[in-house]
Amino acid sequence: MISTNQHLTSSTTNSFIGMNEAITLKKLITNQSIKIENLDVYIEDQHILKDINLTIPEKSITCIIGPSGCGKSTFLKTLNRMHDESPEVKISGKVFVDDENIYGPHVNVIDTRKKMGLLAQRPCPLPMSIFENVAYGPRIHGIKRRKAVNQTVIQYLQYVGLWDEVRDRVRTSATRLSIGQQQRLCLARGLAIEPEYILGDEATSALDPLSTKKIEELFVKLKEKYTIILVTHTLRQAKRIADHIIFMYMGKIIEAGPTEEFFNNPKKQLTKDYLSGSFS
Amino acid sequence: MKHLEEKIFKVIMICAAMIILGVLVYIIATVFYRGLPSLTLDMITKLPGGGFYLGKEGGVLNAIVGSLYIIIGSLAISILISVPLVMYINFYLPAKSIFSSLIRFSLDILFGIPSIVYGAFGFALMIFLGVRASLLGGILTVAMLIMPIMMRSFDEITRLLSHELPDALLSLGATKYEMVKVIMKQLMPGLVTAILLAIGRGIGDAATVLFTAGYTDNIPASLNQPAATLPLSIFFQLGSPVEEVQNRAYASAIILTVIILILSFSARYFSSRFSKNKI
Amino acid sequence: MRRLRAAKDKTARYIMLGIAIFTILFLLAIGLSLFFKALPIIREKNLWVLLTSADWKPFKGKFGFLPFILSTFYVSLIAIIIALPFSILTSIYLNSYASKSVKRLFEPVVDLLSGIPPIIYGVWGTLTIVPLIANKIATKFVEYSTGYTVLAGGVVLAVMIIPLLISIMVEVFRSIPKEMTDASLSMGATKWQTVKRVILRKSVSGIIAATVLALSRAFGETMAVLMVCGNITQIPHSIFDACYPLPALIANNYGEMLSMPNYESALMFSAFLLFIIVVLFNGLSRFTLNQIERRYQF
Ligand SMILES: Nc1ncnc2c1ncn2[C@@H]1O[C@H](COP(=O)(O)OP(=O)(O)O)[C@@H](O)[C@H]1O
Ligand SMILES: [Mg+2]
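Line by line, the protein sequences give chains A, B and C. Heads up: the first sequence begins at 0 in numbering that gives the first Met the number 0, then just goes up one per residue. Heads up: the second sequence begins at 0 in numbering that gives the first Met the number 0, then just goes up one per residue. Heads up: the third sequence begins at 0 in numbering that gives the first Met the number 0, then just goes up one per residue.
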């Protein structure tokens, strides 16, 4: 286990020099962060998210916890404008990403989604080969040269530690991978569009403990370069990898803060109750 | 660039949809435009008089009543067979049994058999049984045609029924037969939808009755007399060289179209009670 | 009392089982009886000759079905060629772009198109399509055409199979899990890119199955085609020639002149031919469609 990881990191550091440079460059230009002001979301006249005000720190992992149905997924989708696909969802308020309100009048939805990579709860390979899955993003965003596409695909498959497992069958259907491999594939696919943020919606809930561990390690590695927001279904996972915690309940943010402080010294009664497991 | 392609295709798609809508309107408008001048009350209240096929007076009451008789008879037969069958595959057979898949598969295939083949088969069967082209022959053949339609649509609706009520009834100690009797009440609107669809198909089909029902200017008085039908009446009148007769064919086409429109909309009304939209 | 109830239940069960078996046997019975009716002519002539000879002179005992088979095939092919693009585009539109109200408008449109009887399509075809071809279209390509042509049959048939194609395709598109299209969209793909690269790709087998099903429907369609296609026994050489499909042959001749030797058997042979093709095509496509439906039932 450890040896494969070492192998993984050593092989990726080599191939990622180019990308590192690009990302540091981006960092110099922009000051990545997410700032949310007075966000309200209604679905079919139900008030799902209520007056959310929040700042999410850059280059770190922020975990959102809360009982099922409290609006975590809905919140995550507001960050990459996936709600645009559902006419029954009404959104008001402002979401600043890199100082630009993504709900402003002249925002390009496509660019916003490209910037905010969303990783779904259940891995969902597209109906094509492993290779095509990872190549999908670069291709739709206009990279045509085969060499460049090939290189990108291999890079990101290596980065998520999948390359060695699938190198002989990258041209076969992606649905034949195990569910843990599928989730890493989806992560590689999401990273290949070169987002600046990663949004994960219970991305490990469908996985076995070993695959979960792999993905968690990946996230920890990724936070060097990306701002990561994860919805998680287990408090333990939040404790393990989060730098910051947001606790939601019935569409409201009850408490938010650094992980240590949140777990050791919660301020609200509701938070204490939740952490002690009196409801979930 | 990629947005341009999307926009172009979106325009093409909307055009395609509009053309389809337009064709429907065009068909109905054509029939009404050509038939309306000749559509008189006589058309639906009178039998063909002497010289009707030369343009003299009369109506197509014979065809309307004939079609009605045939559809009522074939409905009776197919309801008697469809309802037990659908209940059987849904509530008697295990949920994923091979037998029920086999039955459903046969229904799918029976559904796809062209009406002319049913017509030919029906006629061959009638020769074998020594039955002349008659009301009875028409009823039997149309029943073959509409049975699979009824079974499939009724089955589709029955499958949507949740299993709570059946389970609750069974756990109360009802036999399956008693359970089915209660459930049938709930499924009534579904059965009505299936019946309306079947009527629509059966009443408009000419190829099944072409050899089997015969044709007559009178209203059949018994099962072994020939019976006229609306689609055939349209077909034969159209074949006439006399213009008045042709015009009356268009008027008869209006009658048939209106019947179909009413049937289609009422079927939609009843099926909307089951929240499965088709598109 | 309890025994009476149990007896009722049991009787009902046996009756139902009987009906179920009857339904399956019914299919078999149709096939077999058509086959046995067709057997005399298959015995007398060579099957190969029946299928490939173009010589149709029933009075002289010559039964070459090629003109009818080719007519059926050409008319259906034209119908599919016309209907397919319309149906695919409209189904994509309804599935991925249309608002709820447009979708709601189209449900009855599709219903009505599939509910209109063949005879009405025939009336419409003779009133509009036939003169259009005779006066406007054919004149550009050939010297003279009555309008009662392969093309007319194809156009009318196309309109008739469009509702079938649309309702199956919409069903096929809808069976694609939303997560999959969401995955594509959330990577910044446009709707159209998602349609092209995910939805259509995932639906290939469904679209093929729908096409085969529509084709088999087209093969068997009788009255509407009969009214517009001319009914002249010949191998059509262009879409502006008249033709004579199998169902029209049966409809026009069955029930009359059955005293002629082998004539009835010949007509039954065409019915049997239709039956076999339709059962095969239907079976294949329904099987595929059932698989697709099952794959996405979680
Ligand atoms: N498309 C929708 N239509 C109606 N209600 C929805 C829809 N999506 C989410 N909801 C409602 O919004 C609330 C929050 O859902 P969600 O964000 O999925 O919760 P979580 O991810 O925290 O479990 C739930 O009460 C859910 O019923
Ligand atoms: Mg959720």
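Every residue gets a Cβ at the ideal spot worked out from N, C-alpha and C, and that includes glycine.
Interface residues of chain C facing residue i [CB-CB closer than 7 Å]
i, result
"K175 of chain B", "D8"
"F210 of chain B", "Y253, G254"
"L117 of chain A", "S185"
Within chain B, partners of residue i - CB distance below 7 Å
i, result
"N281 of chain C", "D107, I108, G111"
"M11 of chain C", "According to the sequence shown, residue 11 of chain C is Ala rather than Met. Here the neighbours are Y176."
"P116 of chain C", "G203, D204, P230, L255, I259"
Where residue i meets chain C, residues with beta-carbon distance less than 9 Å
i, result
"L78 of chain A", "Simply none; closest approach about 11 Å."
"G136 of chain A", "M186, G187, A188"
"H2 of chain B", "T189, W191"
Contact under 8 Å by Cβ, residue i with residue j
i, j, result
"G136 of chain B", "A212 of chain B", "yes"
"P39 of chain C", "N252 of chain C", "no"
"I87 of chain C", "I275 of chain C", "no"
"I194 of chain B", "I258 of chain B", "no"
"M179 of chain C", "V197 of chain C", "yes"
"L109 of chain B", "F153 of chain B", "no"
"G136 of chain A", "I192 of chain A", "yes"
"V219 of chain A", "D200 of chain A", "no"
"S183 of chain C", "R112 of chain A", "no"
"E106 of chain C", "M159 of chain C", "no"
"V227 of chain C", "Y147 of chain C", "yes"
"V149 of chain C", "P235 of chain C", "yes"
"G160 of chain A", "R175 of chain A", "no"
"V211 of chain C", "L164 of chain C", "no"
"F35 of chain C", "I18 of chain B", "no"
"M125 of chain B", "S77 of chain B", "no"
"V141 of chain C", "S237 of chain C", "yes"
"V246 of chain B", "P36 of chain B", "Contrary to the premise, residue 246 of chain B reads as Asn rather than Val in this sequence. Yes."
"L93 of chain C", "V169 of chain C", "yes"
Whole-Å CB distance - residue i paired with residue j, under 8 Å assumed
i, j, result
"S32 of chain A", "K222 of chain A", "With 8 Å as the limit, S32 of chain A and K222 of chain A do not qualify as a contact, their Cβ atoms being about 14 Å apart."
"A5 of chain B", "T189 of chain C", "According to the sequence displayed, residue 5 of chain B carries Glu and not Ala. Indeed, because the Cβ distance is near 6 Å, the residues count as touching under 8 Å."
"M247 of chain A", "K71 of chain A", "6 Å"
"L20 of chain B", "I69 of chain B", "Wrong, their Cβ atoms sit about 33 Å apart, outside the cutoff."
"M267 of chain C", "A37 of chain C", "5 Å"
"F269 of chain B", "P188 of chain B", "5 Å"
"I43 of chain B", "L23 of chain B", "Actually they are not in contact, since the Cβ atoms of I43 of chain B and L23 of chain B sit about 25 Å apart, beyond 8 Å."
"Q185 of chain B", "L169 of chain B", "So it is not a contact: roughly 15 Å between Cβ atoms."
"T192 of chain B", "A266 of chain B", "5 Å"
"A241 of chain C", "I231 of chain C", "4 Å"
Where residue i falls, given that 16 or more other Cβ within 10 Å makes a residue buried
i, result
"G68 of chain A", "exposed"
"H6 of chain A", "The predicted position of H6 of chain A is uncertain, since its pLDDT is 37 and thus under 50; no value can be drawn from it."
"N19 of chain A", "Legend: pLDDT at N19 of chain A = 44, less than 50; position of this residue unreliable, value from coordinates given subsequently. Burial call: exposed."
"S100 of chain C", "exposed"
"K175 of chain B", "buried"
"Q157 of chain A", "buried"
"M14 of chain C", "A small fix is needed here, since residue 14 of chain C is Ile in this sequence, not Met. It counts as exposed."
"E260 of chain A", "exposed"
"I64 of chain A", "buried"
"S177 of chain A", "exposed"
"A147 of chain A", "exposed"
"G129 of chain B", "exposed"
"K44 of chain C", "buried"
"Y143 of chain C", "exposed"
"L27 of chain A", "The predicted position of L27 of chain A is uncertain, since its pLDDT is 44 and thus under 50; no value can be drawn from it."
Under 9 Å by beta carbon: chain A residues contacting residue i
i, result
"S183 of chain C", "L125, Y135, I139"
"R200 of chain C", "L125, P126, M127"
"V197 of chain C", "L125, P126, M127, Y135"
Chain-ordered chain A contacts of residue i [CB-CB under 8 Å]
i, result
"M179 of chain C", "C123, L125, P126"
7 Å Cβ cut-off: residues of chain A touching residue i
i, result
"R173 of chain C", "Near R173 of chain C there are no residues of chain A at all, since even the closest Cβ is about 15 Å away, more than 7 Å."
Neighbouring residues, chain B, relative to residue i (Cβ below 8 Å)
i, result
"F274 of chain C", "I112, V116"
"P39 of chain C", "Simply none; closest approach about 13 Å."
Under 8 Å by beta carbon: chain C residues contacting residue i
i, result
"F235 of chain B", "What F235 of chain B touches in chain C: nothing, since even the nearest Cβ is about 11 Å away."
- Query: Counting only runs that start and end within the segment 134-222 of chain A, where is the beta strand (DSSP E) found for 3 or more residues in a row?
  - Reply: The DSSP assignment places 196-200 as complete runs of the beta strand (DSSP E) inside the segment 134-222 of chain A, in order along the chain (cut-off: 3 residues).
- Length-filtered (4 minimum) alpha helix (DSSP H) runs lying within the segment 74-119 of chain C: For secondary structure counted as the alpha helix (DSSP H) over 4 or more consecutive residues, the segment 74-119 of chain C holds these complete runs in sequence order: 99-114.
- Within the segment 152-198 of chain B, ranges of the alpha helix (DSSP H) (whole runs, at least 4 residues): Within the segment 152-198 of chain B, the complete alpha helix (DSSP H) runs of at least 4 residues are 163-170, 175-185.
- Message: At 3 residues or longer, what runs of the beta strand (DSSP E) sit wholly inside the segment 53-121 of chain A?
- Response: The qualifying runs are 60-64, 88-96, 115-118.
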